[in-house]
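**Q** In the working numbering, the protein residues as written are 1 to 594.
Here it is, the structure in full.
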Amino acid sequence: KGTLDDDYDLVAVKRYISKDLRKEFMEEVSIHSQMSHRNVVELIGYCIGESTLMIVTKYISKGNLDDILHNSDISIPLDVRLGIAIGCADALSYMHSMHLSNGSLICHGDIKPANILLDSNLTSKLSDFGVSRLLSGGVTQYTVHIKGSVSYMDPIYFHEGCLTPRSDVYSFGMVLLELIARKRVRKGDINLIGGGEIFDAEIANRSNMKILKEMRKLAIECLTLDIHKRPQMNVVAKRLRTLKKELKDMHGRYSEHILASHRSWRKNDNQGPSYNSRMQLKKSLSIFKRNLSNSSKILLGLGNMRIFTQEELNEITQNYSCLLSGGTSGKVYKGTLEDNTVVAVRIFSEALEGFEEAFINGGMILSQIVHKNIIRLLGYCLNADCPAFVYEYAARGTLSDILDGREDFPLHLRVKIAVETAEALEYLHSSAAGMIRHGYVAPSKTLVDDSFTPKLTGFSWAQRLNNDDSAIHDHDKYCVSLKLKTDVYQFGVLVLTLISRKNFAFYADHEHLVSQFLAAYKADNSGRAFFDDDITTRSEDVALLEEIGKLLLKCICLEIDQRPTMKQVAQHLRIIRRCWKNNCTADGASLVTN
């Protein structure tokens, strides 16, 4: 338990015992930070030190449900128990129906009374997301790394490694039984589940019996071993809400106020001013300075990332005197570090919807990948007015700047950018990087350095599709493959801008550029009319462009499963470039395509 020094709010500080759990820690922070729901405990911030890992959440005054049910003699009326169950069900329904920027939903993975907290209003709050998983597209995930409390764990998950949202449904069924029994329920306890003696004597009166039997029936449905017959959490929440209304109609009024006034519930309830505002970025993302005495020199262990202070950014950018670019998502300034390294400082804008999530997601992904054609994240600042990233500097700006400029842009540099951008995406889509879908491959998100080396940027909404080594079902692999191929299409459009020098930022959308290319290709079966005149003076160059055009036809194919993978695209481009450099004939290059 602790108190924030800026507004006296009470907080709970969870400290990881082992410093070797950095990966698990970052996964918990990443998942928890994406949720905002009245029945999910609020994340305030976290701390990463060289030997310290801590998560800071809002303090929940009444403690956890396990202690209240099994380690106290506090009276808990039936309508209060229903309210607790409804809150938990609502939170799980929210998690299971989330449409995050990466297309995933959240499976809690460890639903049990000890992870359900109660505030002063007896509102239930789900906590502890240490074993939670992101399920891409809501599909089943198979894993050999089983985590969670075995007593409440779905046996299908335990024995087969099959994790779905309905694994949480099973665990919730166990919790629901404990709410009506006020006893620890073990799996397969036939006597408790099947008989009337399951009901806690305090609430097992005649007027409550119909409601209790319906609650037991619902719990049994949640506990069925046929995973497909378990109800979804939104259905569970709806049925519980109906039961609570019936109970209210029978008894005329609720009894929460009776329970709330009970002296034993008010014990140690000395929390400070209420915290009703939404999670503030200052708290939700901050690495607490008081715990990191020399924060600007601390390295995170997730890459070599430095934590900058507001004052350091002011000095680095000379009070933000050199603006490189700006828009609704934020502004980018040029800066210089103490060792004369030139950097780019991106300040996120509060006007960007979901900018907190964009900041966390971009930082989490960029801190864990290293590739010469992906922009390098050097550090970040969290105690600025708005959060900031510090990147390596790309002297030539974006590919959009080059396409729209008047400087000579020879073919060999365009091919270099195409090949190396493909290699960056090939790496992102590989298991080595964790199968990341970029989701925003465009000239404006491709930086170019002095030597015309492309650097992919724009990872705020990137999506990690499979971030562990677990085995996944063939159907899930197929779905992942389809998601990755959205990048293939976007890459195809990007290369169309390279061979035509037509930046689609000037069109209503990129489809205009695609239709222009398809019309040109249909006209002469080569697409020559679409190519930039500056790079079509030699016949061997035209042959190269035609071969690239044939490849792009596959990349922009409307049938997603017919598009090649980025590995195939990168390999093909390398072969085409090699043939071109070796002065291959057009016929020879065609053999490569075939």
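Ideal Cβ positions, reconstructed from N, Cα and C, are used throughout, including at glycine.
List the DSSP bridge partners of residue 214.
**A** Looking at the DSSP assignment, residue 214 forms no beta bridge with any residue, so it has no partner.
**Q** If you measure between the beta carbons of residue 456 and residue 428, is that distance less than 9 Å?
**A** Taking 9 Å as the Cβ cut-off, residue 456 and residue 428 qualify as a contacting pair.
**Q** What would DSSP say about residue 56, mapped onto helix, strand or coil?
**A** Strand, per DSSP.
**Q** Less than 9 Å separating the beta-carbons of residue 211 and residue 246?
**A** Their beta carbons are under 9 Å apart, which means residue 211 touches residue 246 by this criterion.
**Q** Any idea what DSSP makes of residue 242, helix, strand or coil?
**A** Correct three-state label for residue 242: helix.
**Q** Just to confirm, does residue 435 get its C-beta within under 8 Å of one of the non-hydrogen atoms of the ligand FAD?
**A** For the ligand FAD, the structure offers nothing, since it holds no ligand at all.
**Q** Does the stretch 219-236 come close enough to the stretch 160-174 to have 3 or more Cβ pairs within less than 8 Å?
**A** Cβ pair count under 8 Å is three or more, so yes.
**Q** Are the Cβ atoms of residue 565 and residue 484 separated by less than 9 Å?
**A** Yes, the Cβ-Cβ distance between residue 565 and residue 484 is below 9 Å.
**Q** Name the one or two DSSP bridge partners that residue 613 has.
**A** Residue 613 lies beyond the range of the chain shown here (1 to 594); nothing can be said about it.
**Q** Kindly indicate which three-state DSSP category residue 101 falls into: helix, strand or coil?
**A** Only weak support is given to the placement of residue 101: the predicted model assigns it a pLDDT of 49, under 50, and the value that follows is read from those uncertain coordinates. Looking at residue 101 - three-state DSSP - the assignment turns out to be coil, as it is neither helix nor strand.
**Q** Using the C-alpha atoms, what's the distance from residue 29 back to residue 407?
**A** If you take the alpha carbons of residue 407 and residue 29, they lie about 46 Å apart.
**Q** State the beta-bridge partners of residue 379 as determined by DSSP.
**A** According to DSSP, residue 379 bridges with 306 and 390.
**Q** Return the CA-CA distance between residue 208 and residue 71, expressed in angstroms with no decimal places.
**A** If I take the Cα positions, the gap works out to 24 Å.
**Q** Looking only at its own chain, which residues have a Cβ that is under 6 Å from the Cβ of residue 342, when we skip the five neighbours before and after it?
**A** Counting only Cβ-Cβ distances below 6 Å, and skipping sequence neighbours, we find 336 and 393.
**Q** Assuming the contact rule is C-beta atoms closer than 8 Å, residue 411 and residue 541 should be a hit. Round their C-beta distance to whole Å, please.
**A** Indeed, because the Cβ distance is near 6 Å, the residues count as touching under 8 Å.
**Q** Work out the CA separation of residue 402 and residue 492 for me, nearest whole Å.
**A** The straight-line gap from Cα to Cα measures roughly 18 Å.
**Q** Please name the residue in 214, 56, 52 and 178 whose C-alpha comes closest to that of residue 76.
**A** Answer by Cα proximity: 178.
**Q** When you compare only the Cα positions, how much space is there between residue 514 and residue 496?
**A** So the alpha carbons of these two residues sit roughly 8 Å apart.
**Q** Take residue 274 and list the residues in its own chain whose beta-carbon comes closer than 8 Å to its own, dropping the five residues that flank it on each side.
**A** With a pLDDT of 28 at residue 274, under the threshold of 50, the modelled position of that residue is not reliable, and no figure is offered here.
**Q** Please classify residue 463: does DSSP put it in a helix, a strand, or coil?
**A** Note: residue 463 maps to strand in three-state DSSP.
**Q** If you follow the alpha helix (DSSP H) that residue 446 is in, where does it begin and where does it stop?
**A** Unbroken run through residue 446 is the beta strand (DSSP E), 446-448; no alpha helix (DSSP H).
**Q** Can you list, in chain order, the residues of its chain with a C-beta nearer than 8 Å to that of residue 175? Leave out the 5 residues immediately preceding and following it.
**A** Answer for residue 175: 65, 85, 88, 111, 112, 113, 116 and 152, listed in chain order.
**Q** Are at least three pairs of beta-carbons, each pair with one atom in the stretch 414-426 and one in the stretch 567-584, less than 8 Å apart?
**A** Contact between the stretch 414-426 and the stretch 567-584 is present, because at least three Cβ pairs lie under 8 Å.
**Q** Count the other CB atoms, across all protein chains shown, that sit within 10 Å of the CB of residue 321; report buried if there are 16 or more and exposed otherwise.
**A** Its Cβ having fewer than 16 others within 10 Å, residue 321 is exposed.
**Q** If you draw a straight line from the alpha carbon of residue 269 to that of residue 441, how long is it in whole angstroms?
**A** Summary for residue 269: the model assigns pLDDT 41, below 50, so the residue's position carries little reliability, and this model does not support an answer.
**Q** Measuring alpha carbon to alpha carbon, tell me which of 572, 11, 93 and 459 ends up nearest residue 39.
**A** With distances taken between Cα atoms, residue 39 lies closest to 93.
**Q** Helix, strand or coil for residue 165 per DSSP?
**A** Reduced to three states, the DSSP call for residue 165 is helix.
**Q** Ordered along the chain, which non-local residues of its own chain (more than five positions away) have a Cβ less than 6 Å from that of residue 46?
**A** The residues are 29 and 55.
**Q** In whole angstroms, give me the CA-to-CA distance for residue 532 and residue 572.
**A** If I take the Cα positions, the gap works out to 22 Å.
**Q** Under three-state DSSP, which class holds residue 21?
**A** Correct three-state label for residue 21: coil.
**Q** Confirm, please, whether the CB-CB distance from residue 11 to residue 127 is below 9 Å.
**A** Not in contact: residue 127 and residue 11 (Cβ atoms no closer than 9 Å).
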